[in-house]
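Here's the structure, in structure tokens; my notes come after.
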Amino acid sequence: MLPPEPARKRHHNQLILATLLLILVATSSLRIVIIKNKTTMEYDEAISYLAATCNQLKFNHADFSPLPKAASTWKQYLSVEEPFCFDQIRLGLTTTDVHPPLYFWLLHLWVMAFGVHLWTGLVLNILIAVFTTTALFMLARHILQNSYEALLVTASYALNPSIILISKEARQYDLLILFLILTVWQIHILIDNKPIQWRHGILLTLVLAAGNLTHYLFFLTVPLACFIYAIWQMKNRRHLWLVLLAILGSYGLAWLFNPEFWVNINRQSERFVSPTWSEFSTRLGRTLAAFATFLYVVLPLIMLLLAGSYIAWRHRERLRSYLHSLNFQGWRILFFMVWFGGIIVGMYLTFRTPIHTMGSSKYLSMVWPFLAFLPVFLLRLTQYRRSVLLYLVIIPLIWLIIFPAQMFLTRLPSPTPQLANAKLILMDSPARGVFFPLLWHVPDETLVIAAYQEQLLAEPENWLPHLRKNVIYVNVNEAPNTIEQGENILSVLTTAGYEPEQTTGKITTLTTIYTMYTLQASSTIGFVSPSDKDTGQWQERE
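All letters in the sequence shown, in the order written, are residues 2 to 543 by the numbering used here.
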């Protein structure tokens with residue numbers, strides 16, 4: 002005997018809620034694993050903390066003469082001296098970056114409460130990800146009209162290592178995805194309601210404005226996508242006008258809170274690079290690698306269904322009648338996957354964005370929420386009849402992701418121990434993205450000389466006299482530095498009596514640009530001043 006209808010509905014809702022909570026706990030736990038195993042600051046998040054502490058402009062105007070300063074002097078730039086300095090954050094980003102300020106305002110409040118630690122931004126990302134995952138479930142349930150399918154979409158997205166790894170640095174991508182999902186959810190609510198409800202238009206305006214203030218790509222792509230989608234799905238011309246008003250209102254709000262908004266957009270256009278077709282294959286490979294970071298998790302399911310599709314192709318006549326019986330509810334959501342994926346990949350393959358802006362999952366973050374719908378549409382080809390089939394996919398998905406992801410995340414090298422023991426650090430780049438991650442491992446009292454290679458080579462008399470025993474030279478192979486200039490600095494050090502010996506330690510995430518040398522000095526070493534170069538006279542020191 003079946004239970005009464007209200008009891009069955011209650012059990013159904015409890016099962017859905019329990020599964021959603023399981024997904025939230027699993028995805029949050031994996032992010033906690035990241036925090037546990039994080040050993041250094043990432044390149045971009047160093048820039049985030051510099052902005053969030055309102056010190057972007059101050060650091061730009063700092064004294065970078067090649068003279069020794071205590072590491073604590075530089076570390077002060079990662080502390081908040083003036084709370085609620087939102088204008089300073091906005092102006093700093095306008096001067097030095099391409100991104101709008103909303104995420105950095107939020108991070109500023111978070112840093113005020115907890116300070117700058119390796120876990121600070123990641124904990125904030127976990128909270129944002131919880132809201133994002135819940136919002137995606139609500140969007141999927143609205144689109145698919147099926148709670149079990151919505152759970153599969155949510156699991157495919159939230160438990161994917163490529164999504165989890167987006168949260169490993171204090172950057173705005175989790176917040177970008179949240180506002181993107183809220184925008185698409187709100188545009189569907191607005192369009193699907195026959196009577197015009199102005200509150201939906203107001204909510205759409207607010208989430209669009211928030212997205213415009215989070216990332217420049219949102220500003221460039223999402224409002225236009227909403228307008229095109231509204232035309233395609235229009236059921237009432239008044240809906241279209243309401244969407245248009247919401248878009249214009251969102252731009253107005255974005256300008257109100259960030260009047261220099263167009264400066265950020267113009268700076269992004271200045272980053273366009275001249276086509277070099279020899280690197281096209283490299284760009285294509287990086288694009289495929291970025292998609293692979295998401296797809297490999299559901300690859301067995303996709304391969305199985307592709308094999309089934311091949312069999313179906315061999316029986317095309319039966320396939321034709323079979324397709325008429327399929328459920329295509331919600332397929333329109335794939336418009337956003339094609340739209341954002343096409344624009345981001347198109348800009349990259351046509352050299353509109355730098356070569357490094359692909360290969361990592363975060364650069365396709367606007368595509369992933371909609372690509373997560375793909376397993377549902379593929380699974381529908383089986384014409385499943387029971388929700389249990391979805392759980393047969395969701396539960397293994399959780400376990401298949403947790404173990405490989407944990408193994409991957411724990412495979413992190415430790416920083417070189419010599420940094421903590423050195424008396425002086427000579428670094429040939431004060432670029433914020435490489436400078437502060439290195440400083441994180443340097444004791445406050447350690448002296449640091451930081452200047453670009455060109456300045457070090459032009460003014461050796463200013464920094465060589467300060468070198469003593471137990472010195473680490475950090476060579477950074479990143480513009481404006483060059484390999485040749487780095488070799489010239491090594492020659493200067495060798496001439497001064499040092500024997501540079503490359504260390505084996507690495508700094509996580511920066512192994513491609515850092516090369517560290519321990520400077521082994523003789524008992525008596527010296528420095529040839531410019532006036533003594535011809536005579537060969539040495540100034541002896543301990």
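Heads up, the beta-carbon is just placed ideally off N, CA and C, and yes, glycines get one too.
- By the Cβ rule, the region 244 to 263 counts as touching the region 191 to 208, because three or more pairs are nearer than 8 Å.
- The shortest CA-to-CA distance from Y364 to any of A373, I344, R381 is the one to I344.
- Residue range 335 to 350 is occupied by the alpha helix (DSSP H) that includes M348.
- The way I'd put it, the region 104 to 121 doesn't touch the region 341 to 360; fewer than three beta-carbon pairs between them come closer than 8 Å.
- By the Cβ test, the region 8 to 23 is not in contact with the region 84 to 101, since fewer than three Cβ pairs between them sit closer than 8 Å.
- Residue environment analysis places S492 among the exposed positions, since fewer than 16 neighbouring C-beta atoms fall within 10 angstroms of its C-beta.
- Cα atoms of P481 and Y453: separation of roughly 8 Å, rounded to the nearest angstrom.
- I473 has I426, T519 as its beta-bridge partners, per DSSP.
- Counting only the Cα atoms, G498 lies some 43 Å from S361.
- Using a Cβ distance threshold of 9 Å, W106 and L440 do not count as a contacting pair.
- Here M235 is exposed: its Cβ has fewer than 16 other Cβ atoms, across all protein chains shown, within 10 Å.
- Look at K37 here: in three-state DSSP terms it is helix.
- The C-beta of V26 has fewer than 16 other C-beta atoms within 10 Å across all chains shown, which makes the residue exposed.
- A straight-line Cα-Cα distance of about 27 Å links R142 and H216.
- Boundaries of the alpha helix (DSSP H) harbouring L380: 375 to 380, taken from the DSSP string.
- Comparing C-alpha distances from R239 to each of E446, K195, I426 shows the shortest one belongs to K195.
- Closest in C-alpha terms to H13, from the list A159, N147, E43, comes N147.
- With fewer than 16 other Cβ atoms inside 10 Å of its own Cβ, E83 counts as exposed.
- Here R11 is exposed, its C-beta having fewer than 16 other C-beta atoms within 10 Å.
- Annotated as proximal: L79 and V117, with beta-carbon spacing under 9 Å.
- Cα atoms of P438 and L420: separation of roughly 12 Å, rounded to the nearest angstrom.
- Under DSSP, the beta-bridge partners assigned to Q503 are Y518.
- By DSSP's assignment, K70 forms a beta bridge with V449.
- Of the residues assessed, I182 falls on the buried side of the cut-off, its CB having 16 or more other CB atoms within 10 angstroms.
- Take the alpha-carbon of P370 and the one of E446: they are about 46 Å apart.
- Comparing alpha-carbon positions, the option among T155, F336, L160 lying closest to Y230 turns out to be F336.
- Annotated as distal: F219 and F262, with beta-carbon spacing of 9 Å or more.
- In this structure, L214 lies away from H467, with their beta-carbon atoms at least 9 Å apart.
- In this structure, A130 sits near S168, with a CB-CB distance shorter than 9 Å.
- Taken atom to atom, the span from the alpha-carbon of L119 to that of P431 is near 20 Å.
- Scanning its chain for C-beta atoms nearer than 8 Å, with the 5 sequence neighbours on each side dropped, one finds around F292 the residues L365, in chain order.
- With contacts defined as CB atoms closer than 9 Å, A151 and F132 fail to qualify as a contacting pair.
- Between A423 and N471, the C-beta spacing is below 9 Å.
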